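A short worksheet on the structure shown next.
Chains as they are written, first to last, in my numbering: chain B, 2 to 186; chain A, 12 to 145.
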């Protein structure tokens with residue numbers, strides 16, 4: 002498999018296949034992430050398409066000092082915000098109000114999914130910070146960079162997010178290990 | 012890994028997110044019709060002659076400005092405005108007699124002394140020359 006930097010160089014030169022190969026491993030992860038931020042599945046798909054096109058178009062501005070995924074998620078968040086307003090008209094059957102795209106993508110028996118419940122207790126930025134930290138395994142610094150927040154803001158809000166989520170789940174042990182987690186900046 | 016963190020990861024993976032072939036085609040078609048942007052080329056640096064010329068122009072302008080400032084006609088010195096003093100009615104003092112009177116007295120004394128000396132000299136001449144005295 003070609004190295005990421007080689008694929009980036011080829012994509013910068015205009016190779017669509019190199020770019021496709023480069024983002025191959027990110028597409029489903031990005032779509033999953035965008036589902037948590039967009040009002041509908043179609044919006045999440047559109048946001049994914051816009052994210053990849055913008056990434057391809059502005060690849061020259063990518064700074065290799067940062068992880069490629071960090072840069073990609075930053076673009077994804079920007080595109081999710083564009084679609085978050087929900088101004089697109091859905092020509093499909095109107096779903097039940099309680100069913101967002103996230104609920105529609107989770108099996109009925111798994112409706113107690115922690116991310117569905119997190120949507121109810123966390124605001125967008127804290128939710129995203131939690132997702133990037135615990136699902137994407139980003140460092141606190143990378144999460145701060147994606148959200149354009151300070152490291153201290155990220156640490157504090159990750160801790161609060163854990164505590165809020167732990168309280169929602171009735172898991173008292175979940176909110177107590179934040180200090181150990183934040184040691185890995 | 013901690014149980015809570017594992018649960019966050021597991022639950023995220025339960026969210027079904029599939030890039031369908033239709034979406035894949037759509038993305039690929041969009042990418043094919045997109046050109047990656049190139050960074051704007053840096054503006055070529057100006058030749059050294061340009062900087063030399065502009066430095067000389069600046070220096071000349073500065074010298075001309077300094078010369079003009081220093082040789083400019085000075086504005087006419089206007090006398091300071093003096094408030095007009097109203098004429099006072101001074102008493103007329105006749106100082107002339109007071110000043111001349113001692114001099115005139117002295118002059119008369121000297122004149123008398125001179126006449127007296129003249130008479131003495133005339134008498135002595137006459138005595139020497141043998142003229143009879145009057």
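Backbone N, C-alpha and C fix where the C-beta goes; we use that ideal spot for every residue, glycine too. Here the structure is a predicted model, which means the values were calculated and not measured.
Using beta-carbon distances, residue 9 (chain B) does not count as an interface residue toward chain A, since no partner is under 8 Å. Using a Cβ distance threshold of 8 Å, residue 131 (chain B) and residue 162 (chain B) count as a contacting pair. Rounded to whole angstroms, residue 142 (chain B) and residue 134 (chain B) show a C-alpha spacing of 10 Å. From the beta-carbon of residue 22 (chain A), the residues of chain B found nearer than 7 Å are 114, 115 and 116.
Cβ-Cβ separation between residue 76 (chain B) and residue 42 (chain A): approximately 14 Å, too far for a contact (criterion under 8 Å).
Separation of residue 128 (chain B) and residue 31 (chain B) (C-alpha to C-alpha, rounded to the nearest whole angstrom) is 15 Å. Contact check for residue 115 (chain B) against residue 170 (chain B) passes: the beta carbons are separated by less than 8 Å. Three or more beta-carbon pairs separated by less than 8 Å are not found between the stretch 29-46 of chain B and the stretch 63-80 of chain A, which leaves the two stretches without contact. In the DSSP annotation of this structure, the continuous segment of the alpha helix (DSSP H) that includes residue 132 (chain B) starts and ends at 125-135. With respect to residue 8 (chain B), residue 22 (chain B) sits close: the two C-beta atoms are nearer than 8 Å. A residue is called buried once 16 or more other Cβ atoms fall within 10 Å of its Cβ, and residue 156 (chain B) is buried on that count. When rounded, the separation of the alpha-carbon atoms in residue 25 (chain A) and residue 51 (chain A) is 44 Å. Around the beta-carbon of residue 60 (chain B), 16 or more other beta-carbon atoms lie within 10 Å, marking it buried. One thing to note: residue 137 (chain B) has its Cβ within 8 Å of the Cβ of residue 70 (chain B).
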